[in-house]
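Undergrad: Take this structure, written in structure tokens, and hold onto it; I'll ask about it next.
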Amino acid sequence: MSDFTSNYWSIFVAVVSVLGIVYCALLLWFSSQVKVQVHKPDDLTTGHVWDETLQEMNNPLPRWWLWLFILTMVFAVFYYIAYPGLGSFGGQLGWTSQNEYDQEIAQANKALEPIYAAFDAQAAEQLAGDPKAMAVGERLFMNNCSQCHGSDARGSKGFPNLTDKDWLHGGSPDKIKETITKGRVGQMPPMAAAVGTPEDVRNVAHYVLSMSGSPHDSVRAALGQAKFGACAACHGADGKGNQALGSANLTDKIWLHGWGEEAIVSMVNAGKINQMPAQEGRLTPSQIHVLTAYVWGFSNKPIAK
Amino acid sequence: MSLYAASKKIYPRSVEGVFAYWRWVFVAITQIIFYGLPWMEWGTRQAVLFDLASRRFYIFGLVLYPQDFIYLTGLLVVSALSLFLFTAVAGRLWCGYACPQTVYSEIFLWIERKVEGDRSARIRLDDANFSLEKLVKKWYKHFLWISLSIWTGFTFVGYFTPIRELGMEFFHTTMGGWELFWVFFYAFATYGNAGFMREQVCKYMCPYARFQSAMFDHDTLIVTYDEKRGEPRGGRSHQTDPAAARLGDCIDCTLCVQVCPTGIDIRKGLQYECIGCGACADVCDNVMDKMGYAKGLVRYTTQNAMKNNWSTREIWRRVMRPRVQIYTMVLLAIVLGLLVSLGLRTPFKVDVVRDRSTLSRITEEGTLENVYRLQIMNASEQEQTYQLKVQGLPNIKIETQTDVVVAPAQSRWVVVRADIPYGSSPAGSHPIRFEIQAANTRDYLVEKSVFIVPR
Numbered sequence: 133m134s135d136f137t138s139n140y141w142s143i144f145v146a147v148v149s150v151l152g153i154v155y156c157a158l159l160l161w162f163s164s165q166v167k168v169q170v171h172k173p174d175d176l177t178t179g180h181v182w183d184e185t186l187q188e189m190n191n192p193l194p195r196w197w198l199w200l201f202i203l204t205m206v207f208a209v210f211y212y213i214a215y216p217g218l219g220s221f222g223g224q225l226g227w228t229s230q231n232e233y234d235q236e237i238a239q240a241n242k243a244l245e246p247i248y249a250a251f252d253a254q255a256a257e258q259l260a261g262d263p264k265a266m267a268v269g270e271r272l273f274m275n276n277c278s279q280c281h282g283s284d285a286r287g288s289k290g291f292p293n294l295t296d297k298d299w300l301h302g303g304s305p306d307k308i309k310e311t312i313t314k315g316r317v318g319q320m321p322p323m324a325a326a327v328g329t330p331e332d333v334r335n336v337a338h339y340v341l342s343m344s345g346s347p348h349d350s351v352r353a354a355l356g357q358a359k360f361g362a363c364a365a366c367h368g369a370d371g372k373g374n375q376a377l378g379s380a381n382l383t384d385k386i387w388l389h390g391w392g393e394e395a396i397v398s399m400v401n402a403g404k405i406n407q408m409p410a411q412e413g414r415l416t417p418s419q420i421h422v423l424t425a426y427v428w429g430f431s432n433k434p435i436a437k
Numbered sequence: 003m004s005l006y007a008a009s010k011k012i013y014p015r016s017v018e019g020v021f022a023y024w025r026w027v028f029v030a031i032t033q034i035i036f037y038g039l040p041w042m043e044w045g046t047r048q049a050v051l052f053d054l055a056s057r058r059f060y061i062f063g064l065v066l067y068p069q070d071f072i073y074l075t076g077l078l079v080v081s082a083l084s085l086f087l088f089t090a091v092a093g094r095l096w097c098g099y100a101c102p103q104t105v106y107s108e109i110f111l112w113i114e115r116k117v118e119g120d121r122s123a124r125i126r127l128d129d130a131n132f133s134l135e136k137l138v139k140k141w142y143k144h145f146l147w148i149s150l151s152i153w154t155g156f157t158f159v160g161y162f163t164p165i166r167e168l169g170m171e172f173f174h175t176t177m178g179g180w181e182l183f184w185v186f187f188y189a190f191a192t193y194g195n196a197g198f199m200r201e202q203v204c205k206y207m208c209p210y211a212r213f214q215s216a217m218f219d220h221d222t223l224i225v226t227y228d229e230k231r232g233e234p235r236g237g238r239s240h241q242t243d244p245a246a247a248r249l250g251d252c253i254d255c256t257l258c259v260q261v262c263p264t265g266i267d268i269r270k271g272l273q274y275e276c277i278g279c280g281a282c283a284d285v286c287d288n289v290m291d292k293m294g295y296a297k298g299l300v301r302y303t304t305q306n307a308m309k310n311n312w313s314t315r316e317i318w319r320r321v322m323r324p325r326v327q328i329y330t331m332v333l334l335a336i337v338l339g340l341l342v343s344l345g346l347r348t349p350f351k352v353d354v355v356r357d358r359s360t361l362s363r364i365t366e367e368g369t370l371e372n373v374y375r376l377q378i379m380n381a382s383e384q385e386q387t388y389q390l391k392v393q394g395l396p397n398i399k400i401e402t403q404t405d406v407v408v409a410p411a412q413s414r415w416v417v418v419r420a421d422i423p424y425g426s427s428p429a430g431s432h433p434i435r436f437e438i439q440a441a442n443t444r445d446y447l448v449e450k451s452v453f454i455v456p457r
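Protein chains in written order, with the working numbering: chain A, 133 to 437; chain B, 3 to 457.
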């Protein structure tokens, strides 16, 4: 780490850079002083002969080459003054790649402003029917959402499917926008102690399976029903969940964290915290608006203008 | 002698003759193509357009994608082999007749000659003190040079931006910054290289000029001075009998030096500066005619022929040596291969990318699903429907739409879900193939991918 805390390398690089220019200048001065011995002035040969017939000639370089050399050295001096290069000296112009990037992004955003302004003027339900907006939405989704939700938005284990009608936190455009902007934390606390014995937990799992008509042991399910009270606080007595809390609907066949007795038992025992990260700050409100329409459009028909 | 020396300006004298004629023929051909091509239309678009922003390269009926760069490689290989072949046969033909550097120098020199006069007039003008006549002539010459340069730069940019729109933008002064930069950059390069640098580019900057010498041998046709016939050189009157005066055929008029665009004396033998333009051969033939001597004191011949006094037939028999035959055959084979491959090209491409986030999932219907993204690139100029099929696992099928419409010369990403019945294949990674058929055509592609079954 001392490379980064001491000035040593910065000074080293600066010295090498300056010496490089000085060396070039000296070499150039020296070479322009040198006189070549010409053996026979009429044909410019130097008298050196190799391989029987190969004679060395002096073909002087045109003087404009010399000026090009000098020009590059002058350029180098001005470059070192203006731009980063001399060790850690940042240059008089204050140029950084970060600044340039920020400027380019700002410029691009400015160019995009009128396009997004037209999108902002429409409600998400209408925007979902605008092919141009949806093409933008697709690109935004691919770059920012598909990493978890998949390119086809159908998710995978732990990452919700966005194309069905099942919503943990609500599927209205407003709710979707809220989810994207602020993110969500889905919390299932470990409930084993509240439910009872390990056997009780297993029974509850079978009751949960029975709610969606999935294969289950009906005796265990009947026993588990009595213990479901602990779950009903969030999932509701009917098990249909509560979008205000973000609790899952247990009566459909959608199993975000795995299907079957074992998956449910481990969920009740260990609980789970599942997180959708907030996109606020990463994406502009206009981009989030387009994404909202795009995601809403997976499971809804757009409303004509 | 210093390592650096001021370069002397060269004033090539104008010349007429067979090589000068062919030089102008090649100047005309190359420039008609260069200036004319961007104005040609093909259907509703420019016939030759390299659209860098959308990464499509239109060459008449062809629409090329960046993925087709192999054809550029092929073109470069053909160019390189052509150079080997031409150089082995007759030296620096490229330099003398087709290289933009010499072609533009020739055009600029022509303008210079029209404005300032021939060699001696130009030398006199440059030596003369400042006068109104000098000012007018110089200004007029530079005005013409700069106009031609800007037109050249404009044409160059016209290969990358539709030239008609570019012309409108030019007149409405709404040209984009980069377009403007490249027009003037290319114009500046033309003006500087053809107006001022000229032979200096060939002598000091061009790597190409140097390595062509490596392809010469003693059977290469080169511009040569016939030393045996010419020496001893010397001036004489028309009436003098050279044999009696113990003189060779060279009358030492130095016209061959005066016409040389690189300022060398061909009588010193083959030199690296010689671009093989044949100007000295032309002017010497004219002089020989006037003197009543045989032509060809300076002529295209080989070093072996010069030594052995070969006839033209003998020379050509040696020129067509195995080296030339092999170059010709390889060149023909590659040109043929390139044409066949272009002719048999499938006018679309497909890129299959397995979805990076979802390895595999179980659907509500109880099937195992993998997700792929297919990029379909339409390289035809019609809207085209593509039919997708998947093969490689029992009962594998595509759940998403199998008919995909792609706009002309556009590419499109589609998400494709492939399903197999749960438990029908063992856990692991299985190779599968996507088969893509362009509807109502015989064009067909197969792309490989994998299907993952979780443990």
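For glycine and all other residues, C-beta sits at the position ideal for the given N, C-alpha and C.
1. Just the Cα atoms here: how many angstroms apart are Ala-7/B and Pro-102/B?
2. Check the Cβ of Pro-194/A against every Cβ in chain B and list those closer than 9 Å, keeping chain order.
3. Which first and last residues belong to the beta strand (DSSP E) in which Leu-186/A is found?
4. If the cut-off is 7 Å on Cβ atoms, which residues from the region 356-377 of chain B count as contacting chain A, listed in chain order?
5. Listing by chain order, which chain B residues have their CB less than 9 Å from the CB of Trp-197/A?
6. With DSSP as the reference, label Met-320/A as helix, strand or coil.
7. Closer than 9 Å, Cβ to Cβ, to anything on chain C: give me those residues from the region 273-288 of chain A, in chain order.
8. Considering Cα atoms alone, identify which of Ser-382/B, Ile-378/B and Leu-361/B is closest to Asn-372/B.
9. Kindly indicate which three-state DSSP category Lys-139/B falls into: helix, strand or coil?
10. Between which two residues does the beta strand (DSSP E) harbouring Tyr-374/B extend?
11. With a threshold of 16 other CB atoms inside 10 Å of the CB of Pro-40/B, please say whether the residue is buried or exposed.
12. Determine, using beta-carbon pairs with one atom in the region 243-256 of chain A and one in the region 370-377 of chain A, whether at least three such pairs fall under 8 Å.
13. Classify Asp-129/B as helix, strand or coil using the three-state DSSP reduction.
14. Which class does Gln-393/B belong to by DSSP, given the choice of helix, strand or coil?
15. Using a Cβ-Cβ cut-off of less than 7 Å, give me the residues of the region 410-443 of chain B that come near chain A, in sequence order.
16. If you draw a straight line from the alpha carbon of Val-50/B to that of Val-185/B, how long is it in whole angstroms?
17. Are any of the Cβ atoms in chain B nearer than 8 Å to that of Val-168/A?
18. With H, G and I counted as helix, E and B as strand and the rest as coil, what does DSSP make of Arg-124/B?
19. Look at the alpha carbon of Ser-313/B and the alpha carbon of Phe-88/B, and state the distance between them as a whole number of angstroms.
20. Which residue marks the beginning of the beta strand (DSSP E) containing Ile-165/B, and which one marks its end?
21. Alpha carbon to alpha carbon, how far is Ala-420/B from Thr-404/B?
22. First and last residue of the beta strand (DSSP E) that includes Lys-404/A?
23. Which partner residues of Pro-194/A appear in the DSSP bridge assignment?
24. Please report the distance separating the alpha-carbon of Val-159/B from that of Ser-107/B.
25. At 3 residues or longer, what runs of the beta strand (DSSP E) sit wholly inside the region 257-320 of chain B?
26. Give a yes or no on whether 8 Å exceeds the smallest Cβ distance from Ser-431/A to chain B.
27. Quick one: give me the first and last residue of the beta strand (DSSP E) that Gly-179/A is part of.
28. Evaluate contact between the region 254-265 of chain B and the region 328-339 of chain B, counting only Cβ atoms and requiring at least three cross-stretch pairs below 8 Å.
29. Which residues of the region 383-397 of chain A have a Cβ closer than 7 Å to any Cβ of chain B? Give them in chain order.
30. Within 10 Å of its beta-carbon, does Ile-165/B have 16 or more other beta-carbons around it, so buried, or fewer, so exposed?
31. Is Trp-41/B helix, strand or coil when you go by DSSP?
32. Rounded to whole angstroms, what's the CA-CA distance from Leu-150/B to Asp-120/B? Just pull it up for me.
33. Going by C-alpha distance, which of Leu-146/B, Leu-66/B and Phe-198/B is nearest Gly-345/B?
34. Looking at C-alpha atoms only, which residue of Trp-26/B, Pro-209/B and Phe-436/B is the closest neighbour of Val-354/B?
TA: In this structure, then:
1. Numbered from 1 along the second sequence, position 5 holds the residue referred to as residue 7/B. Numbered from 1 along the second sequence, position 100 holds the residue referred to as residue 102/B. Approximately 27 Å, taken between the alpha carbons.
2. Working through the first sequence from its first residue, we reach residue 194/A at position 62. The contacting residues are Tyr-6, Ala-7, Ala-8, Ser-9, Gln-202, Lys-205 and Tyr-206.
3. Reading the first sequence from its first residue, position 54 is the one you call residue 186/A. That run of the beta strand (DSSP E) goes 186-189.
4. Listed by position along the chain: Asp-357, Ser-359, Thr-360, Arg-363, Glu-366, Val-373 and Arg-375.
5. As a position in the first sequence, residue 197/A is number 65, starting the count at 1. In chain order: Tyr-6 and Tyr-206.
6. By one-based count along the first sequence, residue 320/A stands at place 188. In this structure, Met-320/A counts as strand in the three-state DSSP scheme.
7. The structure shown contains no chain C; the protein chains it does contain are A and B.
8. Taking the second sequence and counting its residues from 1, one reaches residue 372/B at position 370. Looking only at Ser-382/B, Ile-378/B and Leu-361/B, the smallest Cα-Cα distance to Asn-372/B is reached by Leu-361/B.
9. In the second sequence, counting from the first residue as 1, residue 139/B sits at position 137. Helix, per DSSP.
10. Along the second sequence, read from residue 1 onward, the residue named residue 374/B stands at position 372. It spans 369-380 - the beta strand (DSSP E) in which Tyr-374/B sits, taken as one unbroken run.
11. Locating residue 40/B in the second sequence gives position 38, counting from the first residue. It is buried - the Cβ of Pro-40/B has at least 16 other Cβ atoms within 10 Å.
12. By the Cβ test, the region 243-256 of chain A is not in contact with the region 370-377 of chain A, since fewer than three Cβ pairs between them sit closer than 8 Å.
13. Position 127 of the second sequence holds residue 129/B. Asp-129/B: helix per DSSP, three-state reduction.
14. As a working note, residue 393/B is residue 391 in the second sequence. Strand.
15. Taken in chain order, the members of the region 410-443 of chain B whose beta-carbon sits within less than 7 Å of a beta-carbon on chain A are Val-417 and Arg-419.
16. The residue labelled residue 50/B in the question sits at position 48 within the second sequence. The residue labelled residue 185/B in the question sits at position 183 within the second sequence. Roughly 18 Å between the two C-alpha positions.
17. Reading the first sequence from its first residue, position 36 is the one you call residue 168/A. Closer than 8 Å to some Cβ of chain B, the Cβ of Val-168/A qualifies, so yes.
18. Position 122 of the second sequence holds residue 124/B. Helix at Arg-124/B.
19. As a position in the second sequence, residue 313/B is number 311, starting the count at 1. As a position in the second sequence, residue 88/B is number 86, starting the count at 1. Between Ser-313/B and Phe-88/B, the alpha-carbon positions lie close to 21 Å from each other.
20. Taking the first residue of the second sequence as 1, we reach residue 165/B at position 163. Per DSSP, Ile-165/B lies in no beta strand (DSSP E) segment; the continuous alpha helix (DSSP H) that holds it begins and ends at 165-173.
21. Within the second sequence, numbered from 1, the residue matching residue 420/B stands at position 418. Within the second sequence, numbered from 1, the residue matching residue 404/B stands at position 402. Straight through space, the alpha carbons of Thr-404/B and Ala-420/B are spaced by roughly 11 Å.
22. For this step, residue 404/A is matched to residue 272 along the first sequence. The continuous beta strand (DSSP E) containing Lys-404/A extends over residues 404-408.
23. Stepping through the first sequence from its first residue, residue 194/A is reached at position 62. Paired residues: Ala-7/B.
24. If you number the second sequence from 1, residue 159/B lands on position 157. If you number the second sequence from 1, residue 107/B lands on position 105. Straight-line Cα distance between these residues: approximately 21 Å.
25. Uninterrupted beta strand (DSSP E) stretches at least 3 residues long and entirely within the region 257-320 of chain B occur at 300-303, given in chain order.
26. The residue given as residue 431/A occupies position 299 in the first sequence. Not one chain B Cβ lies under 8 Å of Ser-431/A.
27. The sequence position of residue 179/A within the first sequence is 47, counting from 1. 177-182 is the extent of the beta strand (DSSP E) around Gly-179/A.
28. No: the two stretches stay apart, fewer than three of their Cβ pairs being nearer than 8 Å.
29. Under the 7 Å Cβ criterion, the region 383-397 of chain A contributes Lys-385.
30. Looking up residue 165/B in the second sequence gives position 163. By the neighbour-count criterion, in which 16 or more other beta carbons inside 10 Å mark a residue as buried, Ile-165/B falls on the buried side.
31. To locate residue 41/B, count along the second sequence from 1; it is residue 39. It is helical.
32. Along the second sequence, one-based indexing puts residue 150/B at 148. Along the second sequence, one-based indexing puts residue 120/B at 118. Using only the alpha carbons, I get a separation of about 21 Å.
33. Locating residue 345/B in the second sequence gives position 343, where the first residue counts as 1. Measuring from the Cα of Gly-345/B, the nearest candidate turns out to be Leu-66/B.
34. Reading the second sequence from its first residue, position 352 is the one you call residue 354/B. The shortest C-alpha separation from Val-354/B is found at Phe-436/B.
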